[in-house]
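Note that the sequence shown covers residues 879 to 1201 in this note's numbering.
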Amino acid sequence: MAAIITIGELLVEMMAKNVGQRFDVPGEYDGPYPSGAPAIFIDQVAKTGGSCRIVGMVGDDPFGTLIKRRLRNDGVDVSFVGTARDKTTGIAFVTYKPDGGRDFIYTTRDSAAAELAASAIREEMFEGGRWLHIMGCSIFSEEMIRVFEKAIAVAKAKGMRITFDPNIRKEILNDADVRHFILQITALCDVFLPGEDELRWITGREDEREAVNSVFAHRARFVVVKRGRKGCTLYERTGEGTSMFDVAAYPAREVDPTGAGDCFAGTFISLLDQGYGAREAVAYAAASGAMAVMRKGPMEGTATLGQLRDFMRDAGDKAKREY
């Protein structure tokens, strides 16, 4: 049994060695690193002591072995990760721009990740589950829409809560079916974890409070707006109205931003499940996102609760000394 379940792509990532390196010019890459947004999320859940499982597909190749071994060793249940015999494990290539931006090339749609079918979603995957975490980047095909429709129906029937991180990639922005389904999930979720731009895009509102209230008009209890280097804001719907709690970003020397938002979400949901209050959980989540950017590799910056506590204590001590 697992309390927190996610579904989606498992990939390896190949990362450009040099800033300014381009895809249309030969260059050197580091990797393969275990990756895929759902995989990074669930690894962080496990590292913070959460009971968790991932459902997905890998190829019958060393990349698939690498990903499953890493997740299993960190405490993730991978018993529902299938193997596609005639497809390779998905690969993501990433380059870094001088202005801090990144470019990606994904093989997801033609990889084992795309072989996950709605018919593979079974009730036993959700036994003991309390949370189903969905990521917008995993909704990359009509079949994946059907996968999540079935998963949500099973999760709701079992009384599970839905958490949703839009994590919208530019290649899906113009897909009308994906946009429609993202709006559906937003209306169904209990915890919504958008970035600032994603919140505006999904709700169609420029004013943040109006946008958050439009989400609260449905089911959500928590909306956490992620702002990267500017920290985050936790909104909570209560019987008295809506409360707001800002968390400043922890200082961190950025090496690689890949996976920071996934680590943030994994820590927040894991600690909510473990009984932490939302304000304490979001403070840990902010520390988790900061620690993630300090290591190269999408999953290399995941951290245990003990490591997060030490990081937060050291950051607090440094702030006191500077004051």
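Cβ atoms here follow ideal geometry from the backbone N, Cα and C, with glycine treated the same way.
Assuming the contact rule is C-beta atoms closer than 8 Å, A1163 and F1142 should be a hit. Round their C-beta distance to whole Å, please.
Stepping through the sequence shown from its first residue, residue 1163 is reached at position 285. Stepping through the sequence shown from its first residue, residue 1142 is reached at position 264. Indeed, because the Cβ distance is near 5 Å, the residues count as touching under 8 Å.
Whole beta strand (DSSP E) runs in the segment 892-938 with 3 or more residues, listed along the chain?
Here the runs fully enclosed are 907-913, 930-937.
Quick check: what's the CA-CA separation for M893 versus R1173?
Translated into the one-based positions of the sequence shown, residue 893 becomes position 15. Translated into the one-based positions of the sequence shown, residue 1173 becomes position 295. Each residue's alpha carbon lies about 13 Å from the other.
For the segment 1158-1199, list the beta strand (DSSP E) runs that are entirely contained and at least 3 residues long, ordered along the chain.
The DSSP assignment places no complete beta strand (DSSP E) segment of no fewer than 3 residues inside the segment 1158-1199.
Excluding the 5 residues flanking R1078 on each side, which residues of the same chain have their C-beta closer than 7 Å to its C-beta?
On the sequence shown, position 200 is the one that residue 1078 refers to. Apart from the 5 residues on each side of it in sequence, R1078 sits with its Cβ closer than 7 Å to the Cβ of E1084, A1089 in its chain, given in chain order.
Extent of the continuous alpha helix (DSSP H) run through K1028
On the sequence shown, residue 1028 is found 150 positions in, with the first residue counted as 1. Element bounds for K1028: 1020-1035.
Helix, strand or coil: how does DSSP classify F958 here?
Mapped onto the sequence shown, residue 958 falls at position 80. In the structure shown, F958 sits in coil (DSSP, three-state: anything other than H, G, I, E or B).
Could you give the DSSP three-state label for M1038: helix, strand or coil?
In the sequence shown, the residue the question calls residue 1038 occupies position 160. In this structure, M1038 counts as coil in the three-state DSSP scheme.
Assuming the contact rule is C-beta atoms closer than 8 Å, V890 and F941 should be a hit. Round their C-beta distance to whole Å, please.
Stepping through the sequence shown from its first residue, residue 890 is reached at position 12. Stepping through the sequence shown from its first residue, residue 941 is reached at position 63. Correct: roughly 5 Å between the Cβ atoms.
Could you tell me which of P976, R947, S997, H1011 sits nearest to D1068, measuring between CA atoms?
Counting from 1 along the sequence shown, the entry for residue 1068 is found at position 190. Between D1068 and the set P976, R947, S997, H1011, the nearest pair of CA atoms involves H1011.
DSSP has C1110 in a bridge; who is on the other side?
Here residue 1110 corresponds to residue number 232 of the sequence shown, with the count starting at 1. Paired residue(s): K1104, V1125.
Quick check on R1047: does DSSP put it in helix, strand or coil?
Residue 1047 sits at position 169 when you count from the first residue of the sequence shown. DSSP places R1047 in coil when its eight states are reduced to three.
Indicate whether at least one CB of chain C lies closer than 8 Å to the CB of E1074.
Looking at the structure shown, chain C is missing, and only one protein chain is on hand.
In this structure, how does DSSP classify T1145 when only helix, strand and coil are distinguished?
Position 267 of the sequence shown, counted from the first residue, corresponds to residue 1145. T1145 falls in the helix class under three-state DSSP.
State the Cα-Cα distance for the pair G1194 and R1115, rounded to the nearest angstrom.
Counting from 1 along the sequence shown, the entry for residue 1194 is found at position 316. Counting from 1 along the sequence shown, the entry for residue 1115 is found at position 237. Straight-line Cα distance between these residues: approximately 29 Å.
Mapping the DSSP letters down to three states, classify V1133 as helix, strand or coil.
Taking the first residue of the sequence shown as position 1, residue 1133 is located at position 255. Under the three-state reduction of DSSP output, V1133 falls in the coil class, being neither helix nor strand.
If distances are taken between C-alpha atoms only, which option among A1126, P1072, T1136, D1151 comes closest to A924?
Numbered from its first residue, the sequence shown carries residue 924 at position 46. The candidate whose alpha carbon is nearest that of A924 is D1151.
Kindly indicate the opening and closing residues of the alpha helix (DSSP H) around D952.
In the sequence shown, the residue the question calls residue 952 occupies position 74. Unbroken alpha helix (DSSP H) run through D952: 940-952.
Could you check if V897 is buried or exposed, using at least 16 other CB atoms within 10 Å of its CB as the buried criterion?
Against the sequence shown, residue 897 aligns to sequence position 19. Flag for V897 reads exposed.
Quick one: give me the first and last residue of the beta strand (DSSP E) that T884 is part of.
What you label residue 884 is simply residue 6 of the sequence shown in a count that begins at 1. Its beta strand (DSSP E) spans residues 882-885.
Between V1025, G1167, G1082, which has its C-alpha nearest M1190's C-alpha?
Within the sequence shown, numbered from 1, the residue matching residue 1190 stands at position 312. Of the candidates V1025, G1167, G1082, the one whose C-alpha sits nearest the C-alpha of M1190 is G1167.
Among K946, A998, E1005, A991, which one has its Cα closest to the Cα of I882?
Along the sequence shown, one-based indexing puts residue 882 at 4. Nearest option by C-alpha distance: E1005.
Rounded distance between the beta-carbons of P1176 and Y911, thought under 8 Å
Translated into the one-based positions of the sequence shown, residue 911 becomes position 33. Translated into the one-based positions of the sequence shown, residue 1176 becomes position 298. Contact between Y911 and P1176 holds, with the beta-carbon distance rounding to 6 Å and staying under 8 Å.
Taking the C-alpha atoms as reference points, what is the distance between D981 and D902?
In the sequence shown, the residue the question calls residue 981 occupies position 103. In the sequence shown, the residue the question calls residue 902 occupies position 24. About 12 Å.
Span of the alpha helix (DSSP H) holding R1097?
Working through the sequence shown from its first residue, we reach residue 1097 at position 219. Where R1097 is concerned, there is no enclosing alpha helix (DSSP H), given that its DSSP letter is neither H nor E.
In whole angstroms, what separates the C-alpha of A998 from that of A1035?
Counting from 1 along the sequence shown, the entry for residue 998 is found at position 120. Counting from 1 along the sequence shown, the entry for residue 1035 is found at position 157. Cα to Cα, the separation comes out at about 18 Å.
Who are the Cβ neighbours of S899 in its own chain at under 6 Å, not counting the five residues just before and after it?
Numbered from 1 along the sequence shown, position 21 holds the residue referred to as residue 899. Correcting the residue identity first, residue 899 is Gln in this sequence and not Ser. Taken in chain order, the residues that qualify are G905, T973.
Is V1101 near F1070, with beta carbons less than 8 Å apart?
Reading the sequence shown from its first residue, position 223 is the one you call residue 1101. Reading the sequence shown from its first residue, position 192 is the one you call residue 1070. Going by C-beta atoms, V1101 is nearer than 8 Å to F1070.
Let me confirm a value: T926 is counted as buried when at least 16 other C-beta atoms fall within 10 Å, else exposed. Which label applies?
In the sequence shown, the residue the question calls residue 926 occupies position 48. The residue in question, T926, is buried, as its Cβ has 16 or more Cβ neighbours within 10 Å.
Classify T1116 as helix, strand or coil using the three-state DSSP reduction.
On the sequence shown, residue 1116 is found 238 positions in, with the first residue counted as 1. Looking at T1116 - three-state DSSP - the assignment turns out to be strand.
So, is I983 buried or exposed, given that buried needs 16 or more other C-beta atoms within 10 angstroms?
In the sequence shown, the residue the question calls residue 983 occupies position 105. Burial call: exposed.
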